[in-house]
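2 protein chains.
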Amino acid sequence: MSGTSDVAADASVAPRTSPPTVAVDAMGGDHAPAEIVRGAVLAVRELGLRVVLVGRRPEIARLLAEENALRDVPVVHAEDSLAMHEGALASWRRPRSSAAVACRLIRRGDADALVSAGSTGGVVATSTVRLRTQPGVLRPALAVTLPTGETPTVLVDAGANADAKPEMLVQFAHLGCAYAHTAFGVERPRVGILTIGSEPGKGNKLVRRATELLAATAEESQGMDFRGNIEGHDLLARRVDVVVTDGHTGNVALKAVEGTATFAMEAFREALTSSAAAKVGAFLQRRALRELRDRLDSETYGGAALLGLNGTVVIAHGDSRAWGVARACGLAHDLAVGRIGDRIRRRVHHRPPNWLHRLAQSEER
Amino acid sequence: MSGTSDVAADASVAPRTSPPTVAVDAMGGDHAPAEIVRGAVLAVRELGLRVVLVGRRPEIARLLAEENALRDVPVVHAEDSLAMHEGALASWRRPRSSAAVACRLIRRGDADALVSAGSTGGVVATSTVRLRTQPGVLRPALAVTLPTGETPTVLVDAGANADAKPEMLVQFAHLGCAYAHTAFGVERPRVGILTIGSEPGKGNKLVRRATELLAATAEESQGMDFRGNIEGHDLLARRVDVVVTDGHTGNVALKAVEGTATFAMEAFREALTSSAAAKVGAFLQRRALRELRDRLDSETYGGAALLGLNGTVVIAHGDSRAWGVARACGLAHDLAVGRIGDRIRRRVHHRPPNWLHRLAQSEER
Numbered sequence: 001m002s003g004t005s006d007v008a009a010d011a012s013v014a015p016r017t018s019p020p021t022v023a024v025d026a027m028g029g030d031h032a033p034a035e036i037v038r039g040a041v042l043a044v045r046e047l048g049l050r051v052v053l054v055g056r057r058p059e060i061a062r063l064l065a066e067e068n069a070l071r072d073v074p075v076v077h078a079e080d081s082l083a084m085h086e087g088a089l090a091s092w093r094r095p096r097s098s099a100a101v102a103c104r105l106i107r108r109g110d111a112d113a114l115v116s117a118g119s120t121g122g123v124v125a126t127s128t129v130r131l132r133t134q135p136g137v138l139r140p141a142l143a144v145t146l147p148t149g150e151t152p153t154v155l156v157d158a159g160a161n162a163d164a165k166p167e168m169l170v171q172f173a174h175l176g177c178a179y180a181h182t183a184f185g186v187e188r189p190r191v192g193i194l195t196i197g198s199e200p201g202k203g204n205k206l207v208r209r210a211t212e213l214l215a216a217t218a219e220e221s222q223g224m225d226f227r228g229n230i231e232g233h234d235l236l237a238r239r240v241d242v243v244v245t246d247g248h249t250g251n252v253a254l255k256a257v258e259g260t261a262t263f264a265m266e267a268f269r270e271a272l273t274s275s276a277a278a279k280v281g282a283f284l285q286r287r288a289l290r291e292l293r294d295r296l297d298s299e300t301y302g303g304a305a306l307l308g309l310n311g312t313v314v315i316a317h318g319d320s321r322a323w324g325v326a327r328a329c330g331l332a333h334d335l336a337v338g339r340i341g342d343r344i345r346r347r348v349h350h351r352p353p354n355w356l357h358r359l360a361q362s363e364e365r
Numbered sequence: 366m367s368g369t370s371d372v373a374a375d376a377s378v379a380p381r382t383s384p385p386t387v388a389v390d391a392m393g394g395d396h397a398p399a400e401i402v403r404g405a406v407l408a409v410r411e412l413g414l415r416v417v418l419v420g421r422r423p424e425i426a427r428l429l430a431e432e433n434a435l436r437d438v439p440v441v442h443a444e445d446s447l448a449m450h451e452g453a454l455a456s457w458r459r460p461r462s463s464a465a466v467a468c469r470l471i472r473r474g475d476a477d478a479l480v481s482a483g484s485t486g487g488v489v490a491t492s493t494v495r496l497r498t499q500p501g502v503l504r505p506a507l508a509v510t511l512p513t514g515e516t517p518t519v520l521v522d523a524g525a526n527a528d529a530k531p532e533m534l535v536q537f538a539h540l541g542c543a544y545a546h547t548a549f550g551v552e553r554p555r556v557g558i559l560t561i562g563s564e565p566g567k568g569n570k571l572v573r574r575a576t577e578l579l580a581a582t583a584e585e586s587q588g589m590d591f592r593g594n595i596e597g598h599d600l601l602a603r604r605v606d607v608v609v610t611d612g613h614t615g616n617v618a619l620k621a622v623e624g625t626a627t628f629a630m631e632a633f634r635e636a637l638t639s640s641a642a643a644k645v646g647a648f649l650q651r652r653a654l655r656e657l658r659d660r661l662d663s664e665t666y667g668g669a670a671l672l673g674l675n676g677t678v679v680i681a682h683g684d685s686r687a688w689g690v691a692r693a694c695g696l697a698h699d700l701a702v703g704r705i706g707d708r709i710r711r712r713v714h715h716r717p718p719n720w721l722h723r724l725a726q727s728e729e730r
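Which chain is which? The protein sequence lines are R and L, in order. Here the working numbering is used: position 348 in the first sequence is 348, and no number is missing along the way. With positions in the second sequence counted from 1, the corresponding number in the working numbering is that position plus 365.
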């Protein structure tokens with residue numbers, strides 16, 4: 001339609017030249033600070049990233065000394081930290097938490113991304129308040145990569161917005177496309193909306209209205225290939241590149257997938273050791289099974305990205321060990337290098353005015 | 366509180382003495398009528414049930430003759446049938462569909478239960494219109510048994526109500542308890558509400574309000590042990606006997622579990638045949654793996670029960686083969702023998718007036 005199509009706009013985002021700095025919240029996570037510090041060291045030594053650790057300096061310095069890495073990873077002191085059970089409100093009251101100090105580094109330009117394995121609620125609240133949403137973005141949303149193997153599928157929102165409105169779902173689709181483009185190079189991602197049946201018109205009110213909006217703006221969205229409804233059993237079927245849903249459904253679906261994968265692994269382990277013959281069989285399959293476990297292991301995927309803020313934020317699993325933290329740093333680095341913020345800005349903010357107009361109309365639901 | 370506690374009331378429901386008759390919709394399902402007819406024959410011969418087949422008589426008679434079962438299974442003629450893709454509206458317009466005729470048998474007292482592998486939307490609409498909801502029941506809900514192994518977990522609603530209100534979720538909890546009691550003998554089922562975090566107060570507005578109502582009525586609900594929030598990864602963890610959710614979230618969660626189980630089975634199959642050594646291993650484990658596949662196979666569980674209508678309705682998987690249909694007949698038989706309708710009536714209809722009063726207040730949300 002207009003000369004500034006999404007694809008063209010997106011293609012014009014040049015990758016950054018200087019390497020980004022990842023600020024790691026050393027105090028967040030079930031195994032903080034020890035595993036977090038070790039993860040940061042791995043990210044520097046094994047992945048060649050630029051990392052700064054944020055948290056209580058004496059503790060961090062001691063752990064770095066153990067790894068002989070005092071000169072590899074700089075430390076920024078933060079005296080406070082978010083507790084794992086703390087929700088949104090509590091985290092607002094902690095301006096000196098390690099997560100808040102890391103956000104300050106980003107705002108000042110001293111860092112480009114935040115990685116935290118702290119409580120999702122606390123990190124979402126802290127970074128939303130301190131980094132603010134990008135212009136035009138209604139709400140930040142959590143994007144996770146589902147363990148589909150070679151062709152990854154991005155699920156968004158995985159839990160930042162329990163109650164969503166149709167126009168938010170439309171933006172989640174654009175945030176997810178920016179992610180799929182940046183992280184996996186998919187120029188025109190296939191987008192599906194998660195619902196209850198495959199036929200058009202199926203689903204709850206939220207989904208039906210969001211589907212209308214996505215279908216109505218499809219011809220303007222050259223950077224998106226909207227495919228309509230997808231169902232729960234399609235999540236791992238690689239039918240789409242981006243799955244759009246509200247944070248409630250998305251969080252339940254993601255955890256159902258993770259829980260079932262764990263359950264199935266456990267059931268297999270039992271089956272493979274249920275008899276002497278089966279045990280011999282399991283021995284012969286060790287390598288294949290190890291690879292499979294890695295494939296189904298959610299930690300392999302680095303964590304959830306909180307999209308739509310002025311700065312890259314990656315939330316690692318709360319129970320992340322060193323390699324999980326390092327992979328989360330890798331993801332944060334890749335998103336910052338790919339300038340995901342710029343891509344989101346072009347997709348969400350610089351949309352044709354008639355699209356914004358339609359959004360406004362949708363408020364009257 | 367009052368003398369008519371739920372447990373006492375529930376215990377007083379005597380099992381029926383005469384064997385119930387299960388009306389099987391011969392025309393619904395991907396493999397109808399052949400596999401459905403074979404399933405009905407299995408239900409009669411292997412499970413000793415009383416079954417009547419409903420559908421196009423000539424076709425059914427031919428299939429029964431092939432099985433030498435013309436005298437084992439009576440047939441009631443219905444000239445019309447619901448198409449698999451047909452939704453609610455279309456099915457209302459088919460008063461002579463096999464599903465509608467089966468409902469008529471139940472209303473006349475000639476049958477006690479309906480089993481159909483037809484489209485969920487069509488069967489829900491047809492049976493809701495023709496059997497009507499039980500007194501006091503706001504909406505019928507679909508209950509499914511999750512593949513958790515020995516201790517089953519009931520998920521309700523699995524997809525009948527895409528948009529639910531908090532008071533419906535409260536009733537779904539009672540419907541699910543009646544199911545767990547009838548099908549598995551759990552007298553005081555543990556109930557969890559499916560949401561986004563484990564801490565109280567987490568979740569969307571619907572969940573938060575339903576949790577308030579369930580907690581407020583907990584002391585009157587002696588036949589229910591309300592445990593608060595559960596998350597997606599708890600679905601297969603046997604933490605509760607009944608999982609309550611709206612039909613949108615429930616359907617997505619159920620299909621996510623099924624899809625992930627299928628994906629994991631496939632991934633294992635690949636892993637087990639990826640090398641010569643692994644193949645030998647797989648050979649040694651054949652039996653263990655076959656058992657595991659059966660355990661993760663959703664067809665083992667008979668199907669979804671539509672609860673809250675004047676008559677027992679079981680909806681089998683659309684792709685059910687003969688044994689899936691027979692198991693669905695077994696489930697319908699068990700629910701009818703256990704008088705699930707009476708149990709639901711006592712739990713939902715004969716509740717203390719102050720509970721109904723609170724429900725009325727909740728409308729003002």
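We put the beta carbon where it would ideally sit given N, CA and C, even for glycine. Bear in mind the structure is a predicted one, so any value in this text is a computation, not a measurement.
For G159 of chain R, the C-beta contacts it makes with chain L under 9 Å involve I561 and G562, in order along the chain. The beta-carbon of A256 of chain R is placed less than 7 Å from the nearest beta-carbon of chain L. Exclusion of the five residues before and after L42 of chain R leaves A322, W323 and A326 as the residues of its chain whose Cβ lies within less than 7 Å of its Cβ. Proximity of D163 of chain R to chain L, defined by a Cβ-Cβ separation below 7 Å, is satisfied.
Going by beta carbons, A543 of chain L and D522 of chain L fall outside the 7 Å limit. Look at F184 of chain R: its C-beta is not under 7 Å from any C-beta on chain L. For the region 689–715 of chain L, the set of positions with a beta-carbon nearer than 7 Å to some beta-carbon of chain R is empty. Rounded to the nearest whole angstrom, the CA to CA distance from G413 of chain L to E515 of chain L is 24 Å. At least one beta carbon of chain R lies nearer than 7 Å to the beta carbon of V617 of chain L. In the displayed model, A687 of chain L falls within a helix according to three-state DSSP.
Taking one beta carbon from each stretch, the region 211–222 of chain R and the region 168–177 of chain R have 3 or more pairs nearer than 8 Å; the two touch. Legend: CB atoms of the region 225–247 of chain R lying less than 9 Å from CB atoms of chain L belong to residues E231, G232, H233, D234, L235, L236, A237, T245, D246 and G247.
Residue burial annotation: R458 of chain L is exposed, with fewer than 16 other C-beta atoms found within 10 angstroms of its C-beta. Contact note: F628 of chain L reaches chain R through L236, using a C-beta cutoff of 7 Å and chain order. At a cut-off of 7 Å between beta carbons, T17 of chain R makes no contact with chain L. In this structure, DSSP gives R497 of chain L a state outside helix and strand, which the three-state scheme calls coil. As DSSP reads the structure, D590 of chain L sits in a beta bridge with L:R555.
In this structure T382 of chain L is exposed. Its beta-carbon is surrounded by fewer than 16 other beta-carbon atoms within 10 angstroms. Interface criterion met: the Cβ of T614 of chain L is under 7 Å from a Cβ in chain R. Out of R:A117, R:A113, R:G159 and R:R269, the CA that lies nearest to the CA of G597 of chain L is found in R:G159. Look at D246 of chain R here: in three-state DSSP terms it is coil, with no helix or strand label. The Cβ atoms of V607 of chain L and P554 of chain L sit closer than 7 Å to each other. According to DSSP, residue pairing for I595 of chain L in a beta bridge involves L:L559.
Interface flag for N675 of chain L against chain R is unset, since no Cβ pair is found closer than 7 Å.
A straight-line Cα-Cα distance of about 11 Å links N68 of chain R and R45 of chain R. DSSP links D707 of chain L through a beta bridge to no other residue.
The three-state reading of DSSP puts T151 of chain R in coil, since its state is none of H, G, I, E or B. Relative to the Cα of L559 of chain L, the nearest Cα in the group L:A575, L:H546 and L:V440 belongs to L:A575. For G203 of chain R, at least one C-beta of chain L is nearer than 7 Å to its own C-beta. By the rule that beta-carbons nearer than 7 Å mark a contact, F268 of chain R touches chain L. Judged by DSSP in its simplified three-state form, L306 of chain R adopts strand. Within the same chain, A164 come within 6 Å of D246 of chain R by CB-CB distance, once the 5 residues on both sides are set aside.
The three-state reading of DSSP puts V22 of chain R in strand, counting E and B together. Proximity of G624 of chain L to chain R, defined by a Cβ-Cβ separation below 7 Å, is satisfied. Counting only the Cα atoms, A388 of chain L lies some 10 Å from A697 of chain L. For a cut-off of 8 Å, the C-beta gap from A508 of chain L to A618 of chain L is around 14 Å, too long to register as a contact.
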